[in-house]
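The UniProt record's numbering applies: residue 1 is where the sequence shown begins, and numbers increase by one. Report on one structure; see the data block that follows.
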Amino acid sequence: MIQNLKYVTSFNRKETWKVIFWSIFHSIFVAMPSGILLIVVWELFSEHPNTSVIWTVVGVMAVMLVIQFYIASKSMVLSNLWVYDLSTRLRIMLGNRIQKFSLGFFKKKDPGEIASIILQDVANFEGIFGHSMGNLASAAFGTVVLSVFLLLYDWRLALCLLAVLPLIYPFLALANYFIQKLGRKQIAARNTMGAKFLEYVQGIRHLKSYGLTGEKHQGLEHAFEEVRRKSITMEAIAGPFVMTASIIFEIGFLAMAALGLYYLNGHSITIPVLITFLIMGYNLYQPLKIVLVDYIVLRYMNESLDRVIHVMHEQTMETCRHEMPSRFDIVFHDVSFGYLDAMTVRNLDFTVPEKSMLALVGHSGSGKTTVASLIARFWDVSSGSITIGGVDIRNINQDHFYGLISEVFQEVYLFDDTIYNNIKIGKPDATRQEILDAADRARVLDFVWELPEGMNTTVGEGGSRLSGGQKQRISIARALLKDAPIVLLDEATASLDPENEVYIQQAIQELVQSKTVVVIAHKLATIRNADQILVLKEGKTAEQGTHNELMEFNGIYRNMWNIQQQSGGWKI
1 MIQNLKYVTS FNRKETWKVI FWSIFHSIFV AMPSGILLIV VWELFSEHPN
51 TSVIWTVVGV MAVMLVIQFY IASKSMVLSN LWVYDLSTRL RIMLGNRIQK
101 FSLGFFKKKD PGEIASIILQ DVANFEGIFG HSMGNLASAA FGTVVLSVFL
151 LLYDWRLALC LLAVLPLIYP FLALANYFIQ KLGRKQIAAR NTMGAKFLEY
201 VQGIRHLKSY GLTGEKHQGL EHAFEEVRRK SITMEAIAGP FVMTASIIFE
251 IGFLAMAALG LYYLNGHSIT IPVLITFLIM GYNLYQPLKI VLVDYIVLRY
301 MNESLDRVIH VMHEQTMETC RHEMPSRFDI VFHDVSFGYL DAMTVRNLDF
351 TVPEKSMLAL VGHSGSGKTT VASLIARFWD VSSGSITIGG VDIRNINQDH
401 FYGLISEVFQ EVYLFDDTIY NNIKIGKPDA TRQEILDAAD RARVLDFVWE
451 LPEGMNTTVG EGGSRLSGGQ KQRISIARAL LKDAPIVLLD EATASLDPEN
501 EVYIQQAIQE LVQSKTVVVI AHKLATIRNA DQILVLKEGK TAEQGTHNEL
551 MEFNGIYRNM WNIQQQSGGW KI
């Protein structure tokens, strides 16, 4: 846990030490009234008690109460600001880190788990450590100072109090073992619950249509029950060990009191010394008892930090080299790639000359989308290389690389923002007129002025308030605005009605002028004029050539063409 805390607090060491200082300062003022009270006790046991001294002490304690209130407020405010700043930095760093991962990271982890790490795990750190920082400082500093003070008074009674500290270690070790073991299971159950809930919300339309909502959706109900059961199990098993450690403190105090009475009867100590140990000795354990209460949640917080730090150490797609291509031809050199363990494309070799169009054709699962994703560097190749302008794409700075490519994919995702801002993503520094021009060329303006707020209409998460065709047009407008030298198209007109398809095809023709274009084609009629067509089968090149050349072969392409021509007149 210490290692994790060092890692997190290293983001702002100056503020961390400031918080520790004020927490220790606060713990001093919390303990001082008991120390000052001893002056009154010693005065009362003197032969001639001085009431003026006693009243002076009372006055000092009243002043200290006001000072303590100020220091407590200062410590609490600093502690909360510090932990909120750390959690903000953690979330920003996680966000920046995640966007540099390959899609393989997201294939290995469930979306609910990723969201849980950024939201829940960082929130655990924020909520738990923000409230425990002062307690930790008091326990560490206060215990040492009070121990030295008591040792100076009577080393025998002080050692009796301190002797119980090693006895609690076995119980804490057992609690730590079970928290670590059961905490991971509880976190896994929590992640499953998040994933099931996300699945439930996203699939609610289909669940309703099949009558599987509410009590009939057993998967979600089981996930909730599993989290409840594992949370109770963790608390029920680890809690008694921590409670036992707290009871040991009480036994230690009673043992010291009994020993003190024994020494008092034997005239080895005086009554003021015994009273001092009865007051200060009990205070010795107080901060440790508070930390014991926090122990389970602190260990649980450590599991959350482990997961956060694990993500921070995940390998990114960043490169230390920053080569810049001067031209925009794309070359695959013996490229093979597989999602996790299954190979999807094998030994691909082809070239897309600059300012030409390559069409990818093949049956479902042949590797078309994988090839486009590799060009966009959503993944890195398993073997071989992909170059743009002779430069391996792994050696191009990521920010510059993604500026070279525009994508218009079949599955369009829009952010929960306005239409205007969703288009502006293509070029953040674009003028309003440039954005409107791109919207006009992509036929966005044909429907946008019919909406209540026009370009300022919020589209909903993922564009849920728009039709598929409207989302596609916004995606094309975004690509038009970006005006990148390389364009990737994945059946960009698939969601459009026939009337608008003609206009969008015209917009796409304008988009791809003087660009290097890779298009995934299902409607073969749309790619008849492609400079070259690559037919894929099981991740390998089956045929390659122009439309006319491929039609001369009695192969896959010609067969697909004939089937589509025959199905064109099909009716219900």
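C-beta atoms are modelled at their ideal positions from N, C-alpha and C, and glycine is treated no differently.
- The Cβ atoms of V345 and I533 do not sit closer than 8 Å to each other.
- S304 is positioned such that its CB atom lies closer than 8 Å to that of F125.
- Contact annotation: L480 and L511 have beta-carbon atoms nearer than 8 Å.
- D334 sits in a strand when the DSSP states are folded into three classes.
- In this chain, the alpha helix (DSSP H) harbouring L161 covers W155 to L162.
- In this structure, K471 places its C-beta atom within 8 Å of the C-beta atom of L414.
- Taking the CA atoms as reference points, V227 sits about 14 Å from Q120.
- Restricted to the stretch 435–467, the alpha helix (DSSP H) segments that are unbroken, complete and at least 4 residues in length are 445–448, listed in chain order.
- If you draw a 10 Å sphere on the C-beta of Q564, you find fewer than 16 other C-beta atoms in it, and that means exposed.
- V40 and V273 have their C-alpha atoms some 13 Å from each other.
- Restricting attention to H363, D399, A359 and S364, the CA atom closest to the CA of R377 is found in D399.
- Taking C-beta atoms as the reference points, S385 and D392 count as a pair closer than 8 Å.
- Counting every other CB atom within 10 Å of its CB across the protein chains shown gives M301 a total of 16 or more, marking it as buried.
- Spanning the alpha carbons of P49 and G266 requires a straight line of approximately 26 Å.
- Distance from the CA atom of S514 to the CA atom of N529, rounded to whole angstroms, is 15 Å.
- Residue environment: N548 is assigned as exposed (fewer than 16 neighbouring CB atoms within 10 Å of its CB, all protein chains considered).
- Its chain contains P272 as the residues whose beta carbon lies nearer than 6 Å to that of F45, once the 5 sequence neighbours on both sides are disregarded; these appear in chain order.
- Taking 8 Å as the cut-off, the beta carbon of K100 is found closer than this to the beta carbon of E318.
- The Cβ atoms of D329 and T351 lie closer than 8 Å to each other.
- As a beta-bridge residue in DSSP terms, K540 pairs with K537.
- Counting along the chain, D85 sits inside the alpha helix (DSSP H) bounded by residues T51 to I98.
- The three-state reading of DSSP puts Q532 in strand, counting E and B together.
- Assignment of T316 by DSSP, reduced to helix, strand and coil, places it in the coil class.
- DSSP lists Y339 as the bridge partner or partners of A342.
- Under the DSSP assignment, L220 falls in the alpha helix (DSSP H) whose first and last residues are Q218 to N265.
- Secondary structure note for I419: its alpha helix (DSSP H) is the uninterrupted segment I419 to K424.
- Contact between G367 and G539 holds: CB atoms are separated by about 4 Å, below the 8 Å threshold.
- Non-local beta-carbon contacts of R184 in its own chain, meaning distances under 8 Å to residues more than five positions away in sequence, involve E303 in chain order.
- Residue burial is scored here from C-beta neighbours: V63 has fewer than 16 other C-beta atoms within 10 angstroms and is therefore classed as exposed.
- In the structure shown, L165 falls within a coil segment according to DSSP collapsed to helix, strand and coil.
- In this structure, T192 sits near A223, with a CB-CB distance shorter than 8 Å.
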